[in-house]
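Undergrad: Here's a structure for you.
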Amino acid sequence: MNTTLTSITRLLAREGLLADSANVFDEAGANGSGGAEGGVSADVCGVDCDSRHAAPGHLFVCKGNAFRASYLAQALAAGCVGYLCDEARAGELAAHCPQVPRLVSHDLRRAMALVSAEAWGHPDRNLGVLGITGTKGKSTVAYMLRSILDSDADGTRGAPHTGILGSIETFDGIEREESVNTTPEAPDLWRHLHNAATSGLSHMVMEVSSQALKYDRVVGLGLDVACFLNIGCDHISPVEHPSFEDYFESKLRIFDQACVAVVNLDSDKADVILERAARCGRTVTFSATGQGAGGAPAGAGGADVWAEGISSREGRIQMMVRTPSWSEPVTVSMPGLFNADNALAAIAICEACGIGRERVVAGLARVRVPGRMELLPTADPKVTGIVDYAHNKLSYQRFFSSMAQEFAGRAIIAVLGAPGGKAYERRRELPQEASKWADYLIYTEEDPAGDPVEEICSQLAAATPAGQDFEVIVDRPAAIRRAVELAFGYPQGALVCLLAKGDETLQHVGNSFVPCETDGTLFERAVGERLG
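FYI, the working numbering numbers position 439 of the sequence shown as 439, with every residue one higher than the one before it.
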């Protein structure tokens with residue numbers, strides 16, 4: 001049955017989300033809100049909230065503080081058959097285009113999500129959708145899963161048949177681009193799912209952010225598996241979550257729409273997470289310590305998936321993995337002992353999905369995550385760079401403790417910043433945490449958005465513990481050159497840690513995203529200049 005303006009109107013009315021409508025034909029009078037004889041009931045095959053994606057047969061959503069009526073005009077010119085807006089904009093837009101079919105909702109975010117799922121044809125029903133949330137590790141687990149799922153049954157690399165939606169990259173079988181949001185707005189999310197299903201992908205692996213859960217971006221999405229990695233204090237600010245409790249509760253909502261839960265028993269508040277996960281039909285647990293809630297041994301009331309003998313050497317992790325289905329040594333082609341947790345999360349998700357041992361082992365042996373724990377060797381073996389997206393207190397704790405162990409004896413130089421307009425607690429927490437491990441800190445630009453970089457760096461400097469060596473270099477390329485210069489001056493050798501930007505090629509400055517070179521490229525050029 002085709003989706004039409006009439007059926008969408010009825011959906012919103014049924015869900016109690018329809019405040020008003022006009023110019024929409026309603027043969028049964030079901031909408032009760034202005035449906036008129038002679039109105040329009042055109043087929044609807046998609047929903048957009050960005051006029052650049054507008055297309056014939058789509059419904060356009062008018063949202064956001066920066067929205068202008070000209071965007072609607074562009075969408076209608078591109079073939080959109082009507083629009084959805086909130087009550088605050090209804091009068092203005094009705095005057096702007098009085099004859100155009102319009103739907104008005106008093107809860108635009110929820111309405112947008114449900115309408116998007118309906119118009120795009122619920123493509124999640126034809127995909128294996130795997131959702132991952134947590135304070136740290138979402139991107140790494142997502143790429144581990146993609147590497148596994150793109151391996152053939154015999155362990156060899158197969159053709160790409162796994163989409164990914166996350167903070168690094170968006171790939172849906174048709175579109176491939178650097179991501180802007182960790183989890184897209186609902187119209188974009190469902191467009192990507194539609195692309196994945198129609199292009200023949202079998203799975204969509206997606207990071208599910210607390211913001212997406214809190215603000216209803218994923219309402220109506222069916223998850224085959226919902227994985228909860230960990231919880232720490234992050235994203236607490238006037239423009240994100242007002243408190244840790246709000247942040248935690250937002251993340252727990254992921255279990256309200258999943259068939260199977262996957263839970264890390266080593267996480268803080270694991271008992272609360274497990275209680276909420278019980279809403280799913282099945283729960284699979286994992287642990288890197290081999291323990292369960294209350295300290296129960298793995299396999300005896302403890303974790304379903306666990307590991308023994310975890311070690312990291314020369315950029316690779318090795319461990320003996322045990323699951324209900326198999327036990328075997330596993331090698332992960334990434335440094336960082338904490339990535340054992342992420343690998344076990346991916347393995348537990350595969351256990352929940354019935355993915356075989358051969359694909360798991362082969363996929364983890366060759367996984368690469370752009371900008372995550374990427375080692376940058378130099379011609380001088382005493383100096384090494386590493387690029388990582390570590391950007392909050394929990395990720396700093398894991399990153400630095402692992403690097404101090406794996407590169408014992410070397411000086412640690414860290415290039416870091418903090419974002420503008422959000423997560424203000426990082427400007428205090430990051431210098432304090434980094435100072436526990438690093439010999440030298442350089443504060444620089446990291447997506448300042450609307451805040452002056454100088455102001456952010458000044459706040460980082462003010463929070464730096466007494467006695468810690470640091471300097472401020474606002475220009476990020478210059479900061480990386482300075483870090484390389486310092487590294488070659490340490491007789492014991494040095495590890496240069498380039499944090500938060502990873503493989504990104506854009507800086508968020510003001511209201512724009514400005515092209516920039518990756519940290520890895522900047523490091524390699526600085527080393528080349530140094531060594532001639």
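We treat Cβ as the ideally placed atom computed from N, Cα and C, and that holds for glycine.
Treat the numbers as computed from the prediction; the structure is a model and nothing was measured.
Does the separation of the CB atoms of T183 and L201 fall below 8 Å?
TA: Sequence index remark: in the sequence shown, residue 183 carries index 183 (1-based). Sequence index remark: in the sequence shown, residue 201 carries index 201 (1-based). Against a cut-off of 8 Å, the Cβ pair of L201 and T183 comes out as no contact.
Undergrad: Is P123 helix, strand or coil by DSSP?
TA: In the sequence shown, residue 123 corresponds to position 123, counting from 1. P123 falls in the helix class under three-state DSSP.
Undergrad: Between S167, L416, V527, which lies nearest to V474 when the distance is taken from Cα to Cα?
TA: Numbered from its first residue, the sequence shown carries residue 474 at position 474. The shortest Cα separation from V474 among S167, L416, V527 belongs to L416.
Undergrad: Less than 8 Å between the beta carbons of I135 and G232, yes or no?
TA: For this step, residue 135 is matched to residue 135 along the sequence shown. For this step, residue 232 is matched to residue 232 along the sequence shown. Per the sequence shown, residue 135 should be read as Thr rather than Ile. Result yes, Cβ atoms of T135 and G232 sit closer than 8 Å.
Undergrad: So, is the C-beta of W437 closer than 8 Å to a C-beta in chain B?
TA: Given the protein chain composition of this structure (a single chain), no chain B is represented.
Undergrad: Note down, in chain order, each residue of its chain lying with its Cβ closer than 7 Å to the Cβ of A55, except the 5 sequence neighbours on either side.
TA: As a working mapping, residue 55 is identified with position 55 in the sequence shown. If we look at A55 and ignore the five residues flanking it on each side, its Cβ neighbours are G46, A78, G79.
Undergrad: Mind checking who F286 pairs with in its DSSP beta bridge?
TA: Residue numbering aside, residue 286 sits at position 286 when the sequence shown is read from its first letter. F286 has N264, V305 as its beta-bridge partners, per DSSP.
Undergrad: Within 10 Å of its beta-carbon, does M320 have 16 or more other beta-carbons around it, so buried, or fewer, so exposed?
TA: On the sequence shown, residue 320 is found 320 positions in, with the first residue counted as 1. Here M320 is exposed, its C-beta having fewer than 16 other C-beta atoms within 10 Å.
Undergrad: Tell me whether P123 is buried or exposed, calling it buried when 16 or more other Cβ atoms sit within 10 Å of its Cβ.
TA: Indexing the sequence shown from 1 puts residue 123 at position 123. Counting Cβ neighbours within 10 Å, P123 comes out buried, since at least 16 surround it.
Undergrad: Kindly indicate which three-state DSSP category S151 falls into: helix, strand or coil?
TA: Start at 1 with the first residue of the sequence shown, and residue 151 comes out as number 151. DSSP places S151 in strand when its eight states are reduced to three.
Undergrad: Taking 8 Å as the threshold (C-beta atoms), are L344 and A288 in contact?
TA: The count along the sequence shown starts at 1 and reaches residue 288 at position 288. The count along the sequence shown starts at 1 and reaches residue 344 at position 344. Less than 8 Å divides the Cβ of A288 from the Cβ of L344.
Undergrad: If you drop the 5 nearest sequence neighbours on each side, which residues of the same chain put their C-beta closer than 7 Å to that of G420?
TA: In the sequence shown, counting from the first residue as 1, residue 420 sits at position 420. Closer than 7 Å at Cβ, skipping near neighbours: D447, P448, A449, G450, D451, I456.
Undergrad: Please confirm whether Y600 and F470 have their CB atoms less than 8 Å apart.
TA: There is simply no residue 600 to check, as the chain begins at 1 and stops at 532 in what is shown.
Undergrad: Please report the distance separating the alpha-carbon of S116 from that of V330.
TA: Here the question's residue 116 lines up with position 116 in the sequence shown. Here the question's residue 330 lines up with position 330 in the sequence shown. S116 and V330: Cα-Cα distance of roughly 41 Å.
Undergrad: Tell me which residues share the same chain as A346 and place their Cβ nearer than 6 Å to its Cβ, disregarding the 5 neighbours each side in the sequence.
TA: Position 346 of the sequence shown, counted from the first residue, corresponds to residue 346. Here the set comprises V141, M144, L145.
Undergrad: Does the beta-carbon distance from R372 to L495 come in below 8 Å?
TA: Position 372 of the sequence shown, counted from the start, is the residue given in the question as residue 372. Position 495 of the sequence shown, counted from the start, is the residue given in the question as residue 495. No, Cβ-Cβ distance for R372 and L495 is not below 8 Å.
Undergrad: Is it true that the CB of D152 sits closer than 8 Å to the CB of C353?
TA: Position 353 of the sequence shown, counted from the start, is the residue given in the question as residue 353. Position 152 of the sequence shown, counted from the start, is the residue given in the question as residue 152. No, these two residues do not count as a Cβ contact at 8 Å.
Undergrad: Assuming L265 and H203 are in contact, meaning their beta carbons sit under 8 Å apart, how far apart are those beta carbons, in whole angstroms?
TA: Taking the sequence shown and counting its residues from 1, one reaches residue 265 at position 265. Taking the sequence shown and counting its residues from 1, one reaches residue 203 at position 203. Not really, about 25 Å apart at Cβ, beyond 8 Å.
Undergrad: Mapping the DSSP letters down to three states, classify M403 as helix, strand or coil.
TA: Here residue 403 refers to the residue found at position 403 when the sequence shown is read from its first residue. Correct three-state label for M403: helix.
Undergrad: Below 8 Å on the Cβ atoms is my contact criterion, and I expect A226 with G131 to pass it. Report the Cβ-Cβ distance as a whole number of Å.
TA: What you label residue 226 is simply residue 226 of the sequence shown in a count that begins at 1. What you label residue 131 is simply residue 131 of the sequence shown in a count that begins at 1. Contact holds; Cβ gap of about 5 Å.
Undergrad: DSSP has I132 in a bridge; who is on the other side?
TA: In the sequence shown, the residue the question calls residue 132 occupies position 132. According to DSSP, which records beta bridges pairwise, I132 is partnered with E207, C227.
Undergrad: In the DSSP assignment, find the alpha helix (DSSP H) that holds V239 and state where it starts and stops.
TA: The sequence position of residue 239 within the sequence shown is 239, counting from 1. Per DSSP, V239 belongs to no alpha helix (DSSP H) and is neither H nor E.
Undergrad: Quick one, which of G520, D43, E425 has its alpha-carbon nearest P238's?
TA: The residue labelled residue 238 in the question sits at position 238 within the sequence shown. Comparing Cα-Cα distances from P238 to each of G520, D43, E425, the minimum goes to E425.
Undergrad: List the endpoints of the continuous alpha helix (DSSP H) containing L193.
TA: Residue mapping note: residue 193 aligns to position 193 of the sequence shown, counting from 1. In the DSSP assignment, L193 falls within the alpha helix (DSSP H) that extends over 186-198.
Undergrad: Does DSSP put G489 in a helix, a strand or coil?
TA: For the purposes of this step, residue 489 is taken as residue 489 along the sequence shown, with counting starting at 1. Coil at G489, not helix or strand.
Undergrad: Which residue wins for smallest C-alpha separation from L229, given the options A278, K251, E240?
TA: Here residue 229 refers to the residue found at position 229 of the sequence shown. Considering only alpha carbons, the answer is K251.
Undergrad: In the DSSP output, which residue or residues are listed as bridge partners for R322?
TA: Taking the first residue of the sequence shown as 1, we reach residue 322 at position 322. Answer by DSSP bridge pairing, in chain order: W306, S327.
Undergrad: Considering just the uninterrupted stretch of the beta strand (DSSP E) at P377, what are its terminal residues?
TA: If you number the sequence shown from 1, residue 377 lands on position 377. In the DSSP assignment, P377 falls within the beta strand (DSSP E) that extends over 374-377.
Undergrad: Please classify D519 as buried or exposed, where buried requires at least 16 other C-beta atoms within 10 Å of its C-beta.
TA: As a first step, residue 519 is located in the sequence shown; it is residue number 519 there, counting from the start. Under this definition D519 is a buried residue.
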